[in-house]
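First comes the structure, then the notes that go with it.
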Amino acid sequence: MRKRQAKKRPLLPDPRFNDQLVTRFVNMMMWDGKKSIAFKIFYDAMDIIEEKKQDDEKTALEIWKEGLSNVMPHVEVRSRRVGGATFQIPSQIRPDRKISIAMKWLISYSRKRNEKTMAAKLAGESMAAAKEEGAAVKKRLDTHKMAEANKAFSHFRF
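Just so you know, we're using the UniProt record's numbering here: the sequence shown kicks off at 1 and counts up by one.
The structure is reproduced here in structure tokens:
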């Protein structure tokens, strides 16, 4: 390899929860470098979850984290050409990639919801994910089914 791997930049924890995972999520959600707006959306979503939640023993941040872990895939399929045919090969995912895929899915399916504000959409999708339902969790289940169906091709792994 000619180029070295890029160094991981340390993330600053967010001001309210003092959590690096929140900053990473907000960075993914941010559009056009508008970080303060992205933080406001996230914190508003946390306030909405705090109002709507049923059980009192969990905080809004814990509900969001549980939703995120319910969306995380454990395997994914990668396309690989073998002798003219393309096979979907299931492979394990690195832990940091699991988190980023889960965040991407949570954000994208939040944006597709039909509530009024992005904060409400994000709150709704996070709460649905915490209860093992919602579009993002369905995406994870579909990914796992696809990997299970293509298990026969796992000997082509790179």
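Every residue, glycine too, gets a C-beta built ideally from N, C-alpha and C.
Take the Cβ of residue i as the centre, count every other Cβ of all protein chains shown within 10 Å, and call the residue buried at 16 or more, exposed below.
i	result
N27	exposed
Q139	The question names Gln, but residue 139 in the sequence shown is Lys. Its Cβ being crowded by 16 or more others within 10 Å, K139 is buried.
V71	buried
V82	exposed
G84	exposed
W105	buried
G33	exposed
Which residues in the same chain as residue i place their Cβ atom closer than 8 Å to its Cβ, once the five residues preceding and following it in sequence are excluded?
i	result
K65	L21
E76	P90, S91, I93, I101, T143 and A147
K151	P90
For residue i and residue j, I'd like the C-alpha separation in whole angstroms.
i	j	result
K98	A147	15 Å
I89	S79	6 Å
R9	F87	35 Å
S126	R4	37 Å
N114	A45	15 Å
A60	R2	45 Å
L122	F42	8 Å
D47	L141	29 Å
M103	G124	15 Å
K35	M118	14 Å
K58	G67	12 Å
P73	K131	16 Å
I49	I63	8 Å
Ordered along the chain, which non-local residues of its own chain (more than five positions away) have a Cβ less than 7 Å from that of residue i?
i	result
V137	N70, V71 and A129
T23	L11, L12, P13 and D14
D55	none
F17	L61
Given residue i, which residues of its chain have a CB within under 6 Å of its CB, disregarding the five upstream and five downstream residues?
i	result
A135	Y109
M30	A38
S154	P90
F25	M103
If we define contact as Cβ-Cβ less than 8 Å, is residue i a contact residue for chain C?
i	result
T117	The structure shown contains no chain C; it holds only a single protein chain.
- Item | Segments assigned alpha helix (DSSP H), at least 4 residues, entirely inside the UniProt domain "Small ribosomal subunit protein uS7" (1-151) | If one requires a minimum length of 4 residues, the alpha helix (DSSP H) runs lying completely within the UniProt domain "Small ribosomal subunit protein uS7" (1-151) are 20-29, 35-52, 60-71, 95-112, 118-130 and 135-149, in chain order.
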